[in-house]
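Student: Here the numbering used here is used: the first residue of the sequence shown is 1, the next is one more, and so on.
We put the CB at the ideal spot given by N, CA and C, even for glycine.
Note that the structure is predicted; figures quoted are calculated from it, not measured.
Right, I'll just put the structure down here and ask away after.
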Amino acid sequence: MVLFFTSNAVSPPVSIYMGRDKVENEELLRYGLPTDVWFHVDKLSSAHVYLRQTDEQPHGEWDALPAALVNDAAQLVKANSIEGNKKDSITIIYTPFTNLKKTGDMAVGQVSFHNDKKVKRVKISTRDNAIVNRLNKTKVEKEVDHEAERQERLRAEGRKKKAEAIERDRAASEQKAQWAQQKADRTYEGMFTEEAIEGAKEDWSDDDFM
Numbered sequence: 001m002v003l004f005f006t007s008n009a010v011s012p013p014v015s016i017y018m019g020r021d022k023v024e025n026e027e028l029l030r031y032g033l034p035t036d037v038w039f040h041v042d043k044l045s046s047a048h049v050y051l052r053q054t055d056e057q058p059h060g061e062w063d064a065l066p067a068a069l070v071n072d073a074a075q076l077v078k079a080n081s082i083e084g085n086k087k088d089s090i091t092i093i094y095t096p097f098t099n100l101k102k103t104g105d106m107a108v109g110q111v112s113f114h115n116d117k118k119v120k121r122v123k124i125s126t127r128d129n130a131i132v133n134r135l136n137k138t139k140v141e142k143e144v145d146h147e148a149e150r151q152e153r154l155r156a157e158g159r160k161k162k163a164e165a166i167e168r169d170r171a172a173s174e175q176k177a178q179w180a181q182q183k184a185d186r187t188y189e190g191m192f193t194e195e196a197i198e199g200a201k202e203d204w205s206d207d208d209f210m
């Protein structure tokens, strides 16, 4: 089962999710998105908490997220760590999902990083019950078919790319037509000036008397 929360610390709101246990955490490690941001208590056991933003939620890159949003995710991590929840002044680490490294010799739910320089840290002095309670009120528990969701996401991305390609082709055709029209306008420019018309009249008059 996957637990979903909604953070209203920013607008529009953002979805935060985590696995109920280490087995579910292992599943989430297989199906996260490149745009997800992973949170965990540093050097202690805790839930794996993921921040998921959509294209309609431009709150910033993973290393420039609003402090209030980071704090919501960090407080949720602390509240879901048996040891971390009891301690003051703990460190929460977070990194892009793509920076997570999983090898076959690691225990279930265990991860490391491809690049330690892409890991940020935030200090949490105490548990903020107001934040934790606010997030818990939004909690929804769902059975998720991760593979089905992945396939649908791929189809949606394919449809989006196809629509973007069609739009690019349409814009290119319009641009070519515009350039052709501009070239034609330059070619005929001056043909119907007053001098040209008078010259044409003279030609017509001469023809009439021939």
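Please classify residue 127: does DSSP put it in a helix, a strand, or coil?
Tutor: Here residue 127 sits in coil by DSSP.
Student: Using a 10 Å radius around the Cβ and a threshold of 16 neighbouring Cβ atoms, would you call residue 96 buried or exposed?
Tutor: With 16 or more Cβ atoms within 10 Å of its Cβ, residue 96 is classed as buried.
Student: Return the bridge partner residues of residue 18 from the DSSP annotation.
Tutor: Paired residue(s): 3, 49.
Student: Does the separation of the CB atoms of residue 70 and residue 16 fall below 8 Å?
Tutor: Their beta carbons are not under 8 Å apart, which means residue 70 does not touch residue 16 by this criterion.
Student: Beta-carbon within less than 7 Å of residue 38's beta-carbon, same chain only, minus the 5 sequence neighbours each way: which residues are those?
Tutor: Contacts found: 48, 50, 94, 95, 97, 100.
Student: The beta strand (DSSP E) spanning residue 142 covers which residue range?
Tutor: First-last of the beta strand (DSSP E) with residue 142: 140-142.
Student: Suppose contacts are defined by Cβ-Cβ distances below 8 Å. Is residue 148 in contact with residue 68 by that definition?
Tutor: Not in contact: residue 148 and residue 68 (Cβ atoms no closer than 8 Å).
Student: Using the Cα positions of residue 72 and residue 182, report the straight-line distance between them to the nearest angstrom.
Tutor: Computed Cα separation, rounded: 56 Å.
Student: If we ignore side chains and look at the alpha-carbon of each, how far apart do residue 54 and residue 62 end up?
Tutor: Near 13 Å, if we compare the C-alpha coordinates of residue 62 and residue 54.
Student: Within 10 angstroms of its Cβ, does residue 158 collect 16 or more other Cβ (buried), or is it exposed?
Tutor: With fewer than 16 Cβ atoms within 10 Å of its Cβ, residue 158 is classed as exposed.
Student: Does the stretch 83-94 come into contact with the stretch 118-132, if we say contact requires no fewer than three beta-carbon pairs (one atom in each stretch) closer than 8 Å?
Tutor: Because the criterion of three Cβ pairs below 8 Å is met, the stretch 83-94 and the stretch 118-132 touch.
Student: Taking DSSP as the reference, what is the three-state secondary structure of residue 8?
Tutor: Coil.
Student: Could you tell me the distance, in whole angstroms, from the CA atom of residue 29 to the CA atom of residue 75?
Tutor: Each residue's Cα considered, the two are about 21 Å apart.
Student: Within a Cβ cutoff of 8 Å, which residues of the same chain sit near residue 80, ignoring the five residues on either side of it in sequence?
Tutor: If we look at residue 80 and ignore the five residues flanking it on each side, its Cβ neighbours are 18, 46, 47, 49.
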